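Take a look at the structure below.
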Amino acid sequence: MYALNSTAGVNSSLSLLPKSPGSNAVSPFSREFDGNAFPPSRYSPGRKDDKNPAHNMNSTTAIFKMHLMSQISQLPSQPCSLPPNFICSFVRRCLPEDLALVDFPQALTALDYLRDLEQRRGKEIKTALEKLGVLDDAFDKDDLVKRYPGVSSWIDSIMEKDRYAAALYSQVYLRLRYWQTALPC
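Residue numbers (UniProt numbering): 1 to 185.
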């Protein structure tokens, strides 16, 4: 362990290091040493004569923050959505069959969760249809039946269920709004 951390044999290797102007040898821990993890950059050119360590810390923090924000801004935005199991249990708790047990403010939140789940389902269906080439302008239903038997009936059933779900959602939403305004606070 001592041999690894010792600088006893470093003197001979220091002569191989590049020399900086005005000094005898460059320390292996210097920013000018090629193996340094933090080489000099355009953000901190020649900060050796800066005597204020607080200034160095602030500029280093600012540079780090700038790089971090740059990396975060380049990430794709991925909206977070709740898991379907959580949404189902939340809806069952908020909208029980007994009208006296319904929590109306939470019921509207439950409907929002259901709408988000429906939108996510719609996006996934759209992605699946794009992969099949169904959403193209040159879409031919007969060609689809030939290429993918059963997909045409699946698309028809999905569209029918989508219309039915939209009608139910609007009915429940309107009735919940009515009940919420009719109930005394």
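Beta carbons are placed, not taken as given, at the ideal position from N, Cα and C, and that holds for glycine.
Note that this is a predicted model, so its numbers are computed, not measured.
- Contact check between the stretch 79-96 and the stretch 104-118: three or more CB pairs, one atom from each, fall below 8 Å, which counts as touching.
- Excluding residues up to 5 positions away in sequence, nothing lies with its Cβ nearer than 6 Å to the Cβ of His-67 in the same chain.
- DSSP, read as helix, strand or coil, puts Tyr-113 in helix.
- Apart from the 5 residues on each side of it in sequence, Leu-111 sits with its Cβ closer than 6 Å to the Cβ of Tyr-173 in its chain, given in chain order.
- Take Val-151, set aside five residues on each side of it, and the residues of its chain with a beta-carbon closer than 7 Å to its own are Leu-132, Leu-144, in chain order.
- In the DSSP assignment, Leu-99 falls outside any alpha helix (DSSP H), carrying neither H nor E.
- In the DSSP annotation of this structure, the continuous segment of the alpha helix (DSSP H) that includes Leu-144 starts and ends at 141-147.
- Just measuring C-alpha positions, the residue of Thr-181, Ala-182, Arg-175 sitting nearest Leu-95 is Arg-175.
- Phe-104 sits close to Trp-179, with the two beta carbons spaced by under 8 Å.
- Within the same chain, and ignoring the five residues on either side of Gly-122 in sequence, the residues whose Cβ sits closer than 8 Å to its Cβ are Asp-162.
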